[in-house]
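Enquirer: Before we start, here is the structure in question, set down as structure tokens.
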Amino acid sequence: MATADRQATALALAHALSAAERGLAVIPLSRTKLPALRSPHRDEPAPDGPPCHGACGRPGHGVYDATTDPGRVRALFAAAPWATGYGIACGLPPYHLIGVDLDTKSGTDSATALRELAARHLFTIPETVVVHTPSGGRHLWLTGPPDTVVPNSAGRLAPGIDIRGAGGYLVGPGSRTDHGVYTVAPGTAQLPPAPCPPALLRLLVPPPRPRHPVPTAPGDQGHGLIHFVLSAHEGQRNTRLFWAACRAYESGLGPALADTLTEAARTTGLPEHEARATIASAARMTGHQGP
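Sequence positions in the sequence shown follow our numbering and run 12 to 302.
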């Protein structure tokens with residue numbers, strides 16, 4: 012192994028051990044940002060039941076190997092001497108980490124999209140750990156409540172905004188990849204991950220399905236979405252309308268349902284101008300023109 016690679020591995024291990032001391036569960040990563048250890052089951056027939064998540068006792072189960080135990084961290088890196096980075100598992104105690112990945116690829120302006128979401132849903136991003144990526148993006152570290160499972164998503168909130176939640180991981184600062192090094196933004200290294208604003212958390216967690224959804228009949232394909240908006244309670248009307256409008260535009264029904272969704276939102280007590288602004292925002296977020 013080249014001296015530079017050995018140095019990168021030693022540095023990654025040091026950073027990983029430091030993160031583990033803070034209660035962040037880690038795994039070794041390769042230069043491609045993927046878990047450094049391959050699955051021990053890769054040559055085995057597909058299991059009849061659920062896949063193994065580490066019950067076999069061997070390493071190579073991706074984020075399910077993540078640990079805060081320093082001895083275990085060292086063992087994982089010893090098994091992957093080519094690792095040059097480390098991943099931090101999201102969704103685990105004590106932080107229940109949520110990563111907001113603001114990407115810059117494909118010309119997306121994810122920072123502006125996040126500001127628009129914050130203005131629309133009346134939340135602000137608190138001071139928290141910020142990690143700069145080699146491509147010019149940013150990872151914002153937030154914490155979630157222990158009884159809430161935040162799923163991973165890519166571009167669901169807006170183009171260029173990916174979410175790392177339960178079962179996902181963030182590339183840790185100090186990691187070296189094929190494209191460069193991940194670094195902590197100045198002034199944020201000593202900050203604890205800040206709690207996720209409740210309004211943002213509601214956007215990250217898929218809303219519950221109506222207990223008694225109205226069947227969708229041919230020619231009335233938006234009935235379920237309308238019912239979803241009509242069943243909203245105070246405090247969730249805007250969020251439900253935004254979610255329903257996004258689904259409508261994604262399925263090609265947005266223009267046809269815009270007025271009906273507006274009327275449904277008005278029925279729940281949302282002012283018409285606010286309802287139309289929310290629907291227009293959903294249209295933009297899904298890459299469509301407004302109603």
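All residues carry an ideal CB built from backbone N, CA and C; glycine is no exception.
Quick caveat: nothing in here was measured; it's all calculated off a predicted structure.
1) Determine, using beta carbons only, whether Thr115 and Gly147 come nearer to each other than 8 Å.
2) Pull up the CB-CB distance for Pro105 and Gly34, whole angstroms please, since I reckon it's below 8 Å.
3) Helix or strand or just coil, what does DSSP make of Pro266?
4) Can the beta-carbon of Tyr97 be found less than 8 Å from the beta-carbon of Ala36?
5) Quick one: grab the DSSP three-state call for Ala47.
6) Mind checking whether Leu264 and Ile290 have CB atoms under 8 Å apart?
7) Give the straight-line distance between the Cα atoms of Ala259 and Leu211, rounded to the nearest whole angstrom.
8) Excluding the 5 residues flanking Ala169 on each side, which residues of the same chain have their C-beta closer than 8 Å to its C-beta?
9) Given this structure, state the Cα-to-Cα distance separating Pro92 from Leu214, to the nearest angstrom.
10) Could you round the C-beta distance between Gly155 and His107 to whole angstroms and report it? I think they count as a contact, below 8 Å.
11) Between which two residues does the alpha helix (DSSP H) harbouring Ala260 extend?
12) For Cys101, which residues in the same chain have their Cβ closer than 7 Å to its Cβ, ignoring the five residues on either side in sequence?
13) Just the C-alpha distance for Ala256 and Thr279, rounded to the nearest angstrom, thanks.
14) Would you kindly work out how many angstroms separate the C-alpha atoms of Asp80 and Val216, rounded to a whole number?
15) To the nearest angstrom, how far is the alpha carbon of Leu22 from that of Phe88?
16) Consult DSSP for Asp189 and reduce its assignment to one of helix, strand or coil.
17) Do Gly183 and Ile237 count as a contact pair if the criterion is CB distance below 8 Å?
18) I'd like to confirm the pairing. Which residues does DSSP put opposite Tyr97 in its beta bridges?
19) Nearest-angstrom Cα distance between Leu113 and Val141?
20) Can you tell me which of Pro39, His150 and Ala275 puts its alpha carbon nearest to the alpha carbon of Tyr193?
Expert: So, from the data block:
1) yes
2) With a Cβ gap of about 5 Å, Pro105 and Gly34 count as contacting.
3) helix
4) Inclusion of Tyr97 and Ala36 in the CB contact set at 8 Å is not warranted, their separation being larger than that value.
5) coil
6) No, they are not a contact pair.
7) As the crow flies, the alpha-carbon of Ala259 is around 21 Å from that of Leu211.
8) Ser121, Ala124, Leu125, Glu127, Leu128 and Met296
9) 40 Å
10) About 4 Å separates the Cβ atoms of Gly155 and His107, confirming a contact at the 8 Å cut-off.
11) The identity of residue 260 in the sequence shown is Tyr, whereas the question assumes Ala. Residues Arg248 to Glu261.
12) Leu108, Ile109, Gly110, Arg175, Gly176, Ala177, Gly179, Tyr180 and Leu181
13) 15 Å
14) 30 Å
15) 11 Å
16) coil
17) No. Outside cutoff.
18) Pro39
19) 11 Å
20) Measuring from the Cα of Tyr193, the nearest candidate turns out to be His150.
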